[in-house]
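Reading the sequence shown from the start, the letters are residues 38 to 418 in my numbering.
Structure first, then comments.
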Amino acid sequence: MSKKLHAVISGGGIGGLATAAAMAQRGWDVTVYERQDALRAVGAGIYIWENGLRVLEALGAYEEATAGAFRGTHFEQRDNLGQVIESARIEESKRLLTVPRSALLDALKNACLRAGVKVETRAEVIGATAKGELLFANNQSVQADLAIGVDGVWSRVRSSLGLELLHEQTREGALRTMIPAQPGDFGPEDTGKYIECWNGDRRFLITPVSEKETYLALTCPHDDARGRSIPVDKALWAEAFPQWKHLIDRIGAAPVNWGVYSITRCTAWSAGRAAILGDAAHAQPPNLGQGGGMAMQNGLSLAVHLQGLTDRRDIPDALERWERKERELTEHCQRWAILYGEVTYLPDEIRTRVMRNAMSDPWIAGQVFRAANHSPTGTTD
Ligand SMILES: Cc1cc2nc3c(=O)[nH]c(=O)nc-3n(C[C@H](O)[C@H](O)[C@H](O)COP(=O)(O)OP(=O)(O)OC[C@H]3O[C@@H](n4cnc5c(N)ncnc54)[C@H](O)[C@@H]3O)c2cc1C
Numbered sequence: 038m039s040k041k042l043h044a045v046i047s048g049g050g051i052g053g054l055a056t057a058a059a060m061a062q063r064g065w066d067v068t069v070y071e072r073q074d075a076l077r078a079v080g081a082g083i084y085i086w087e088n089g090l091r092v093l094e095a096l097g098a099y100e101e102a103t104a105g106a107f108r109g110t111h112f113e114q115r116d117n118l119g120q121v122i123e124s125a126r127i128e129e130s131k132r133l134l135t136v137p138r139s140a141l142l143d144a145l146k147n148a149c150l151r152a153g154v155k156v157e158t159r160a161e162v163i164g165a166t167a168k169g170e171l172l173f174a175n176n177q178s179v180q181a182d183l184a185i186g187v188d189g190v191w192s193r194v195r196s197s198l199g200l201e202l203l204h205e206q207t208r209e210g211a212l213r214t215m216i217p218a219q220p221g222d223f224g225p226e227d228t229g230k231y232i233e234c235w236n237g238d239r240r241f242l243i244t245p246v247s248e249k250e251t252y253l254a255l256t257c258p259h260d261d262a263r264g265r266s267i268p269v270d271k272a273l274w275a276e277a278f279p280q281w282k283h284l285i286d287r288i289g290a291a292p293v294n295w296g297v298y299s300i301t302r303c304t305a306w307s308a309g310r311a312a313i314l315g316d317a318a319h320a321q322p323p324n325l326g327q328g329g330g331m332a333m334q335n336g337l338s339l340a341v342h343l344q345g346l347t348d349r350r351d352i353p354d355a356l357e358r359w360e361r362k363e364r365e366l367t368e369h370c371q372r373w374a375i376l377y378g379e380v381t382y383l384p385d386e387i388r389t390r391v392m393r394n395a396m397s398d399p400w401i402a403g404q405v406f407r408a409a410n411h412s413p414t415g416t417t418d
């Protein structure tokens, strides 16, 4: 029997674990190196659209990741007066589930462990080489057949391979937290919905993730010192979104963190026998809720493209084929996520008109939801 090929992965986040599980399930010997002292999710809740859910099914992680998840019927935008701008019904055949990030990460971790992936924590990677090597902060290195950087927006693997074309932050960021859900939080008009409200350049996104918890994202520009302050300036946010004061008042039960919106783009997703994916290669602002979905789907596709290889010399060609297959959709999704964010800076009335016209236009809706409606490589129709 031929010896298994060995992959080493920097980063045990959503993309790293999805990639590791998919590769181990296809016969690779996989080790994940994570900088933190444990595999731990950063952030509060996460939207997983149909494409990401299909990847979870393919990885055998769906049931665990989505146990008790919230499934909304509508995605609704509201203006500064609390009036509905647009209320899009989520088709029965196109699922959107929202879950705590910890549930997603745990499910991916367990899929990895079942497939025999080895995980080393407190392992800080400082770079990789095109010969399938990872280099560590403690001066050690590990040689494998393939090195993969899934180490997030500040990827050391990307920069060491010289693949970076663009890495920038948008003007916005978000405070993210969970609050305990209570009966009566939502009136009959609001039940079963994801609700995104604007007031000036502040945005308030309400996302139930289970019967017990609701995920809140409070978005504003970086230079909005009061808007982004931690502890959250509840009076400020309740003044901007008075109809949601009862939820804002409950902030504080769980940690709050400020997440920046990053964009990364690369000259290529691989160099020799090293590859990058997820936020390291193609981070996008979270406006379409697809950054994690893209990381998981490109991880699964990578594993599909590498399946059956027995000779490491065939890896570079397989990596190029993988990029050719996935890059166009990934960058399409990135472009539309950036465009969606731009409406934040329009005056309220204009934004309302633009959003209403745009989201009711079937062509535009098709572009916005193209990734969500896509059948990822490695999943079945
Ligand atoms: C406010 C906000 C909301 C979002 N909402 C959604 C959403 O609803 N749906 C969605 O799909 N996406 C969403 N995203 C995007 C999503 O979080 C990312 O696209 C996704 O986490 C990318 O996964 P990743 O594995 O590539 O990177 P990460 O999740 O960042 O994981 C990188 C991992 O690498 C580790 N690491 C970093 N550097 C090193 C190193 N030097 N050595 C070893 N390990 C290292 C990190 O500790 C981490 O565990 C959101 C993003 C933000 C900021």
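Think of the CB as a built atom: it goes at the ideal place given N, C-alpha and C, for glycine as much as any other residue.
Quiz item: First and last residue of the alpha helix (DSSP H) that includes glutamate 365?
Solution: By one-based count along the sequence shown, residue 365 stands at place 328. Element bounds for glutamate 365: 352-379.
Self-check item: Within the stretch 102-177, ranges of the alpha helix (DSSP H) (whole runs, at least 4 residues)
Solution: 138-151
Self-check item: Unbroken beta strand (DSSP E) run spanning aspartate 66, endpoints
Solution: Start at 1 with the first residue of the sequence shown, and residue 66 comes out as number 29. Here the beta strand (DSSP E) through aspartate 66 covers 66-70.
Quiz item: Nearest to threonine 347 by CA position, among Lys131, Thr244, Asp66, is which residue?
Solution: By 1-based counting over the sequence shown, the position of residue 347 is 310. Measuring from the Cα of threonine 347, the nearest candidate turns out to be Asp66.
Quiz item: Is serine 47 near ligand 1, in the sense that its beta carbon is under 6 Å from a heavy atom of that ligand?
Solution: Residue 47 sits at position 10 when you count from the first residue of the sequence shown. Checking every heavy atom of ligand 1 against the Cβ of serine 47, one is found closer than 6 Å.
Exercise. Starting from glutamine 62, trace the alpha helix (DSSP H) both ways and give me its first and last residue.
Key: Residue mapping note: residue 62 aligns to position 25 of the sequence shown, counting from 1. Note, glutamine 62: alpha helix (DSSP H), 51-62.
Quiz item: Does DSSP put isoleucine 387 in a helix, in a strand, or in coil?
Solution: Mapped onto the sequence shown, residue 387 falls at position 350. Isoleucine 387 falls in the helix class under three-state DSSP.
Practice problem: Just tell me which of Leu145, Glu233, Glu205, Lys282 has its CA closest to the CA of glycine 330. | Solution: Your numbering for residue 330 matches position 293 in the sequence shown. Nearest option by C-alpha distance: Leu145.
Quiz prompt | Inter-residue Cα distance where the pair is leucine 356 and threonine 207 | solution = Position 319 of the sequence shown, counted from the first residue, corresponds to residue 356. Position 170 of the sequence shown, counted from the first residue, corresponds to residue 207. Leucine 356 and threonine 207: Cα-Cα distance of roughly 30 Å.
Quiz item: Is there contact between the stretch 317-336 and the stretch 372-392, where contact requires at least three CB pairs shorter than 8 Å?
Solution: yes
Quiz item: Can you pull the DSSP bridge partners for glutamate 233?
Solution: The residue labelled residue 233 in the question sits at position 196 within the sequence shown. Note: glutamate 233 sits in a beta bridge opposite Gln114, Leu242.
Practice problem: Report the partner residues of leucine 183 according to the DSSP bridge assignment. | Solution: Looking up residue 183 in the sequence shown gives position 146. The partner list for leucine 183 (beta bridge, DSSP) reads Ala44.
Quiz item: Identify the residues that DSSP records as bridge partners of histidine 426: which are they?
Solution: The structure shown does not extend to residue 426, since the chain is modelled only from 38 to 418, so the question has no answer here.
Self-check item: C-alpha gap between alanine 320 and leucine 171, whole angstroms
Solution: Looking up residue 320 in the sequence shown gives position 283. Looking up residue 171 in the sequence shown gives position 134. Roughly 22 Å between the two C-alpha positions.
Practice problem: Tell me where the alpha helix (DSSP H) around proline 399 begins and ends. | Solution: Locating residue 399 in the sequence shown gives position 362, where the first residue counts as 1. Element bounds for proline 399: 399-405.
Quiz item: Going by alpha carbons, who is nearest to lysine 168 out of Arg350, Arg388, Glu368, Phe406?
Solution: Along the sequence shown, one-based indexing puts residue 168 at 131. Of Arg350, Arg388, Glu368, Phe406, the residue nearest in Cα terms is Arg350.
Exercise. Please state if the CB of alanine 311 and the CB of alanine 184 are separated by a distance shorter than 7 Å.
Key: Locating residue 184 in the sequence shown gives position 147, where the first residue counts as 1. Locating residue 311 in the sequence shown gives position 274, where the first residue counts as 1. Yes, Cβ-Cβ distance for alanine 184 and alanine 311 is below 7 Å.
Quiz item: Cα-Cα, which of Glu365, Thr228, Leu366, Val194 is closest to serine 307?
Solution: Mapped onto the sequence shown, residue 307 falls at position 270. Here the closest residue by C-alpha is Val194.
Practice problem: Give the straight-line distance between the Cα atoms of leucine 76 and leucine 150, rounded to the nearest whole angstrom. | Solution: What you label residue 76 is simply residue 39 of the sequence shown in a count that begins at 1. What you label residue 150 is simply residue 113 of the sequence shown in a count that begins at 1. Their Cα atoms are separated by approximately 12 Å.
Quiz prompt | Cβ shell of phenylalanine 173 (< 8 Å), same chain only, five flanking positions each side left out | solution = To locate residue 173, count along the sequence shown from 1; it is residue 136. Closer than 8 Å at the Cβ level, and outside the excluded window around phenylalanine 173, lie Tyr70, Ala160, Glu161, Val162, Ile163, Val179.
Quiz item: Could you give the distance in angstroms between the alpha-carbon of lysine 131 and the alpha-carbon of glycine 89?
Solution: Within the sequence shown, the letter at position 94 stands for residue 131. Within the sequence shown, the letter at position 52 stands for residue 89. Using only the alpha carbons, I get a separation of about 11 Å.
Quiz item: Are threonine 389 and aspartate 116 closer than 7 Å when you measure CB to CB?
Solution: As a position in the sequence shown, residue 389 is number 352, starting the count at 1. As a position in the sequence shown, residue 116 is number 79, starting the count at 1. For threonine 389 and aspartate 116, yes; Cβs fall inside 7 Å.
Exercise. Pull up the distance between the alpha-carbon of arginine 108 and that of glycine 229, whole angstroms please.
Key: Within the sequence shown, residue 108 is the residue found at index 71, counting from 1. Within the sequence shown, residue 229 is the residue found at index 192, counting from 1. Distance between the alpha carbons of arginine 108 and glycine 229: 7 Å.
Exercise. Give the straight-line distance between the Cα atoms of isoleucine 85 and glutamate 201, rounded to the nearest whole angstrom.
Key: By one-based count along the sequence shown, residue 85 stands at place 48. By one-based count along the sequence shown, residue 201 stands at place 164. Rounded to whole angstroms, isoleucine 85 to glutamate 201 spans 27 Å at the Cα level.
Quiz item: Taking the Cβ atom as the reference point for each residue, do threonine 256 and glutamate 209 lie within a distance shorter than 7 Å?
Solution: If you number the sequence shown from 1, residue 256 lands on position 219. If you number the sequence shown from 1, residue 209 lands on position 172. Yes. Within cutoff.
Exercise. Helix, strand or coil for alanine 98, going by three-state DSSP, please let me know.
Key: Counted from its first residue, the sequence shown places residue 98 at position 61. It is coil, neither helix nor strand.
Quiz item: In the stretch 248-309, which residue ranges form an unbroken alpha helix (DSSP H) of at least 4 residues, counting only runs that do not cross its ends?
Solution: 271-277, 282-285
Quiz item: Which residues mark the beginning and the end of the beta strand (DSSP E) in which alanine 78 is found?
Solution: Locating residue 78 in the sequence shown gives position 41, where the first residue counts as 1. No beta strand (DSSP E) holds alanine 78; DSSP gives it neither H nor E.
Practice problem: Answer yes or no: do glutamine 114 and glutamate 123 have a C-beta to C-beta separation smaller than 7 Å? | Solution: The sequence position of residue 114 within the sequence shown is 77, counting from 1. The sequence position of residue 123 within the sequence shown is 86, counting from 1. The answer is yes: Cβ separation under 7 Å.
Quiz item: Which same chain residues, not among the five before or five after glycine 237, have their C-beta less than 8 Å away from its C-beta?
Solution: Position 200 of the sequence shown, counting from 1, holds the residue named residue 237. Hits under 8 Å: Asn117, Ala277, Asp385.
Quiz item: Taking the DSSP output, what are the residues bridged to methionine 215?
Solution: Position 178 of the sequence shown, counted from the start, is the residue given in the question as residue 215. Answer is Tyr252.
Quiz prompt | Residue burial classification, histidine 283 (beta-carbon count within 10 angstroms, cutoff 16) | solution = Locating residue 283 in the sequence shown gives position 246, where the first residue counts as 1. Flag for histidine 283 reads exposed.
Exercise. Taking the CB atoms as reference points, tell me whether alanine 291 and methionine 215 lie closer together than 7 Å.
Key: As a position in the sequence shown, residue 291 is number 254, starting the count at 1. As a position in the sequence shown, residue 215 is number 178, starting the count at 1. Yes. Within cutoff.
Self-check item: Start and end residues, beta strand (DSSP E) containing alanine 312
Solution: The sequence position of residue 312 within the sequence shown is 275, counting from 1. Alanine 312 -> beta strand (DSSP E) spans 311-313.
Quiz item: For glutamine 120, is the beta carbon positioned less than 6 Å from some heavy atom of ligand 1?
Solution: Reading the sequence shown from its first residue, position 83 is the one you call residue 120. False, no ligand heavy atom lies under 6 Å from that Cβ.
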